[in-house]
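**Q** Let me give you the structure first, and then I'll get to my questions.
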Amino acid sequence: MYTNEGVSIRPITEQDLRRMWELSFKDENPEWKKWDAPYYEHKPVSYEVFLERKDKIVAQNDYWGIEVAGELIGMVSYYWEHKPSLWLEMGIVIYEPQYWSGGFGTQALTMWINHLFNEMPLVRVGYTTWSGNARMIKVGEKLGMTMEARLRKVRFWNGVYYDSIRMGVLREEWEAQKSE
Numbered sequence: 123m124y125t126n127e128g129v130s131i132r133p134i135t136e137q138d139l140r141r142m143w144e145l146s147f148k149d150e151n152p153e154w155k156k157w158d159a160p161y162y163e164h165k166p167v168s169y170e171v172f173l174e175r176k177d178k179i180v181a182q183n184d185y186w187g188i189e190v191a192g193e194l195i196g197m198v199s200y201y202w203e204h205k206p207s208l209w210l211e212m213g214i215v216i217y218e219p220q221y222w223s224g225g226f227g228t229q230a231l232t233m234w235i236n237h238l239f240n241e242m243p244l245v246r247v248g249y250t251t252w253s254g255n256a257r258m259i260k261v262g263e264k265l266g267m268t269m270e271a272r273l274r275k276v277r278f279w280n281g282v283y284y285d286s287i288r289m290g291v292l293r294e295e296w297e298a299q300k301s302e
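Each residue of the sequence shown is one higher than the last, beginning at 123 in the working numbering.
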């Protein structure tokens with residue numbers, strides 16, 4: 123568990139499962155999904171169906187909760203784009219709109235990136251977003267990430283084509299920032 127300026131990231135526990143379901147899969151059209159890859163279909167699932175995935179959520183290294191004032195508000199995660207070359211991509215979702223644009227995501231990602239670099243021999247950490255999510259691009263810039271790729275007009279949503287954006291930071295860049 124890590125805590126900074128009132129934001130914590132930590133592994134998910136069994137006690138968190140109902141809250142995680144309520145945040146992520148209970149509603150058919152949650153507000154957060156308008157920003158988190160809305161071009162992929164979101165389907166609500168029952169709590170019972172959600173619990174079938176609990177072994178992939180509880181106490182996992184690649185999926186942690188974000189907590190503010192004792193309340194679970196989101197998650198950070200990672201997946202391997204190509205494990206043999208240690209190409210890791212991360213993700214974040216803050217489900218509750220009242221926590222958007224308040225610095226909570228920046229705090230969570232700062233701790234998550236530190237954790238990933240400390241726990242694994244990674245050379246780079248990054249994420250993919252879309253040009254319709256200006257907040258995710260901005261958080262990457264605030265974290266000192268580079269826009270490494272912009273695939274033009276490959277995400278189609280609500281009748282508009284958007285760009286796919288790859289943001290990333292190298293270990294040496296991250297460490298240089300921390301020492302400043």
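We put the CB at the ideal spot given by N, CA and C, even for glycine.
1. Using CA atoms only, rank isn't needed, just tell me which of Ile-259, Glu-263, Glu-297 is closest to Asp-285.
2. Can you name, in chain order, every residue of its own chain whose Cβ lies under 6 Å from the Cβ of Gly-196, other than the five neighbours on each side?
3. What first and last residue would you give for the alpha helix (DSSP H) that runs through Ile-259?
4. Tell me whether Ser-253 sits in a helix, a strand or coil according to DSSP, three-state version.
5. Just curious, the alpha helix (DSSP H) that Glu-294 is in, first and last residue?
6. With C-beta atoms as the reference, is Trp-296 less than 8 Å away from Arg-277?
7. Kindly indicate which three-state DSSP category Pro-271 falls into: helix, strand or coil?
8. If you count every other CB in all the chains shown that lies within 10 Å of the CB of Val-282, and 16 or more means buried, which is it?
**A** Concretely, from the data shown:
1. Along the sequence shown, one-based indexing puts residue 285 at 163. Ranking the options by Cα distance to Asp-285, first place goes to Ile-259.
2. For the purposes of this step, residue 196 is taken as residue 74 along the sequence shown, with counting starting at 1. Excluding residues within five positions, the ones whose Cβ falls inside 6 Å are Ile-188, Val-215, Ile-216, Tyr-217.
3. Here the question's residue 259 lines up with position 137 in the sequence shown. Run containing Ile-259: 256 to 264, per the alpha helix (DSSP H) assignment.
4. On the sequence shown, residue 253 is found 131 positions in, with the first residue counted as 1. Coil at Ser-253, not helix or strand.
5. Sequence index remark: in the sequence shown, residue 294 carries index 172 (1-based). In the DSSP assignment, Glu-294 falls within the unbroken alpha helix (DSSP H) covering 293 to 301.
6. Within the sequence shown, numbered from 1, the residue matching residue 296 stands at position 174. Within the sequence shown, numbered from 1, the residue matching residue 277 stands at position 155. No. Outside cutoff.
7. The residue you call residue 271 lines up with position 149 of the sequence shown. The identity of residue 271 in the sequence shown is Ala, whereas the question assumes Pro. Strand, per DSSP.
8. To locate residue 282, count along the sequence shown from 1; it is residue 160. It counts as exposed.
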